[in-house]
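Before any comments, here is the structure.
Residue numbers (our numbering): 21 to 312.
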């Protein structure tokens, strides 16, 4: 099957495009129609491939990518070699079941999770079918692997940024990530719904009592058990609070302990004892039914 990308005629009358140099117009067209492009506008594009397909040398490629980062038209992750074109969806709206399935499949293969988060928020703005587009995809909010804004130094040897500097920033364990109230609210919005005033106040109140990372873990539990509401989240938090589980490490250790106990003792509750079920003595039931 032939693979092609549509180019709208209005592209040439776009205010941004009109101000580009011929070289920039050619490069912008290349980014939107090269052999690596995808339906969602995020795809792997190594610098050597750009050199080979455009005929530009490495220095020119780096210069052009940095320029379009400065224009805020793209993001480029030097580590994963992935590029994101911001206004891709403007010309490629997923408006049929095949394109939606295709994008869902592509999203699951994106390595830079920050790109997925951006796409999610963009699709929400456009009121697209989020449930189908992100079916089976869990949104994370605290990964920061993306190069943006053009403030990063351009290295002629390593490509888009100083790779060592990025690695140093990322050498942080999960326990050391400082999640704040804003992160929790964003996580709640992405995975549950836009918080109402009451929900926001409850989240804020909990953030003063326990680590924000723990609140995010409670939201994850709600998603896991398909109980996406503030009541269930609070029940989980109350359960943890009663056990003095105040940090992410506390909860992780408790989960391990609970998992080990579960192997030895079969019980009829969910992870935090919130969905209790009755225990039946089947011999006693049989005796009663038989009139014994």
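From the three backbone atoms N, C-alpha and C, an ideal C-beta is built for every residue, glycine too.
Model, not experiment: these values are computed from the prediction.
- Of the residues 116, 68, 24, the one whose Cα lies closest to the Cα of residue 98 is 68.
- A residue is called buried once 16 or more other Cβ atoms fall within 10 Å of its Cβ, and residue 249, having fewer, is exposed.
- For residue 95, DSSP records a beta bridge to 104.
- Membership of residue 50 in the alpha helix (DSSP H) is indicated by the continuous run 42 to 53.
- It is roughly 18 Å from the alpha-carbon of residue 55 to the alpha-carbon of residue 127.
- A direct Cα-to-Cα measurement between residue 228 and residue 44 gives close to 50 Å.
- A direct Cα-to-Cα measurement between residue 145 and residue 103 gives close to 21 Å.
- Just so you know, the alpha carbons of residue 239 and residue 106 end up roughly 29 Å apart.
- If you look at residue 245, you'll find it isn't in any beta strand (DSSP E); DSSP assigns it neither H nor E.
- The C-alpha of residue 131 lies about 14 Å from the C-alpha of residue 123.
- With a cutoff of 8 Å on beta-carbon distance, residue 242 and residue 253 are scored as near each other.
- Annotated as proximal: residue 57 and residue 25, with beta-carbon spacing under 8 Å.
- It is roughly 17 Å from the alpha-carbon of residue 211 to the alpha-carbon of residue 217.
- One Cα belongs to residue 266, the other to residue 280, and the distance between them is close to 21 Å.
- Classified as exposed, residue 72 has fewer than 16 neighbouring CB atoms from the shown chains inside 10 Å of its CB.
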